[in-house]
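Structure, as structure tokens:
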Amino acid sequence: MAVGIVGAGIQGCALALELASRGMEVHLFDREFQPLQRASLWNEGKIHLGYIFAKDKSLASARQMVLGARIFFDFFERHLAQVIPQSAYSDNFLYAVHRDSMLTSEEVEAHLRSVDEIIREVPGSYCGETRLRPVRRAETLRGLNPELAQAVFETPERSVNVHYLADLIARAVFSNPLITFVGGTSVESISRAGTGFKIQTSDGSSLGDYTQVANCSWESRLVIDSTLGYCECRRWMHRYKLALHLEGAQGGSDIRSTTLVLAPLGDIVNFGAGRFYLSWYPHCKIAESFDLVPAEPKLDHQQLQSIANNSLEALSKIVPALREVAIDWGKSQVRGGHIFAWGGVDIHDGDSGLHNRFDIGVNSDDGYHSIDTGKYGMAARFALEAADRISGLSAEKGCYVSPIK
Ligand SMILES: Cc1cc2nc3c(=O)[nH]c(=O)nc-3n(C[C@H](O)[C@H](O)[C@H](O)COP(=O)(O)OP(=O)(O)OC[C@H]3O[C@@H](n4cnc5c(N)ncnc54)[C@H](O)[C@@H]3O)c2cc1C
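If you read the sequence shown in this note's numbering, its first letter stands for residue 70, the second for the next number, and so on.
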């Protein structure tokens, strides 16, 4: 009997590959016809080290991110049987403190340095390196508009080209004889049947028996959990965020990957060879929902172009060199995805739960595992944790409340 996994994003694929490497048969369901078509394809690819979570004074979010990031690359390189080349990474990020930041540049600096200490304590690799340079305060504003940026820090954080990685992961999934990808299949509910599980799909089929099931469906996670009777009493928020994924852009090769902190938030990622990721939160966050399952935003070409133009305008005010970049709109796309997080108020509120990301991970109960990935860079860690529970290596039986604090 196989293990059923719902959702073939980075989390579901990572778990499928890990279980298969332990000799277990897996059926991997997704409503898309190919793996990794949703949030795991249209995100920024930053493998967070926790610098962004400067409002989390407990440092729990940073610790969580570092633990995930330090094993991410080894995990995928093992499963993909190849080294991820340096050309797949962005340059290292500048953290620029915006004039309207919620925290002073001194507070941001203190947080960045605390994160450095955590990084030093946790061994592992990161983008091909084991020793990471500590944060340095830059002496100049590095091409940022001094009217809008008050301080700039060099960090070792980087992004990975998620399109490149998605392609490799999908190939590894398809070529693994122990993994059956069941694409174009929308899962509606899961039920216990005897000692195992059945999976009900939207066309009325009931598939099974599965010995154990993992729910890695991200924006559908809560609604699928609820079909088994697991309900959350915490507040949560689904947001839908877009970004400009530029390809074939001319110019701007010197523009540094930059994260603007701390709310208003924006990111510029330079992957080289004319590939950029650009997102300005106030324009790119286009929807929020407190429902069990969020609606899928539908925007026409004109609306997407207007969001792109407004975001470019906002980011160009901060990084004026962006105005010199010639964009090939034929090759570029404005795409995005859902973001799930605990908390009921948006990021502009300093007390928002969106400023932390420690309460994520594997929730298990008697063979059912529901994984809140939290961040892209956590997928390897949670795949290993879930695989230990599924294969019986971990004595941790778990409970529905996240055991990770
Ligand atoms: C614009 C944007 C930028 C981001 N930037 C970063 C970043 O820089 N760093 C970072 O760490 N994180 C980032 N994130 C968050 C990151 O993308 C997610 O945390 C991560 O991709 C979630 O992975 P996942 O596999 O859980 O979800 P997904 O990749 O969404 O995979 C879930 C899969 O489940 C499938 N599915 C859903 N419902 C059903 C159903 N009912 N039946 C069958 N299949 C179903 C979907 O089709 C999908 O393939 C960003 C997100 C967005 C949207």
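Glycine included, C-beta positions come from ideal geometry on N, C-alpha and C.
Contact check between the stretch 202 to 218 and the stretch 248 to 264: fewer than three CB pairs, one atom from each, fall below 8 Å, which does not count as touching.
Leaving aside the five residues that flank A455 on each side, the residues in its chain whose CB is nearer than 7 Å to its CB run, in chain order, L84, A283, V431, H438 and I440. Residues of the same chain with a CB within less than 6 Å of the CB of G413, apart from the 5 flanking positions on each side, are R304 in chain order.
For F142, the enclosing alpha helix (DSSP H) starts and ends at A129 to L149.
By the 16-neighbour rule on beta-carbons within 10 angstroms, P333 is buried.
Here T224 is buried. Its C-beta has 16 or more other C-beta atoms within 10 Å.
Close CB contacts of L110 within its chain, under the 7 Å cut and outside five residues either way in sequence, are with V231, H232 and A235 (chain order). About 7 Å separates the beta carbon of D143 from that of G193, a gap short enough to meet the 8 Å contact definition. Where N379 is concerned, the enclosing alpha helix (DSSP H) starts and stops at H370 to I387. A check of alpha carbon separations from L361 across G341, S174, V292 and A377 identifies V292 as the nearest.
The straight-line gap separating the alpha-carbon atoms of E178 and F222 is approximately 8 Å. In the assembly as shown, G321 is a buried residue. Its beta-carbon has 16 or more other beta-carbons within 10 Å.
For the 9 Å CB-CB criterion, E87 and M70 do not form a contact. Straight across, the Cα-Cα distance linking L237 with L210 is about 37 Å. Setting aside the 5 residues that flank it on each side, M134 is surrounded in the same chain by H117, L118, G119, F122, R426, K444, G446 and M447, each with a C-beta closer than 8 Å to its C-beta; the list follows chain order. Spatial neighbours of G137 in its own chain (CB-CB distance under 6 Å, excluding positions within 5 residues in sequence) are listed in chain order as G446, M447 and R450. When distances are taken from the beta-carbon of Q402 to the heavy atoms of ligand 1, even the shortest one reaches 8 Å or more. Every beta strand (DSSP E) of 3 residues or more that sits fully in the stretch 253 to 336 is shown, in chain order, as 256 to 262, 265 to 270, 275 to 284, 305 to 315 and 327 to 330. Counting only unbroken stretches of 3 or more residues, the beta strand (DSSP E) elements lying wholly within the stretch 204 to 247 are 218 to 223, in sequence order. Non-local beta-carbon contacts of Q319 in its own chain, meaning distances under 8 Å to residues more than five positions away in sequence, involve G343, V394, A395 and D397 in chain order.
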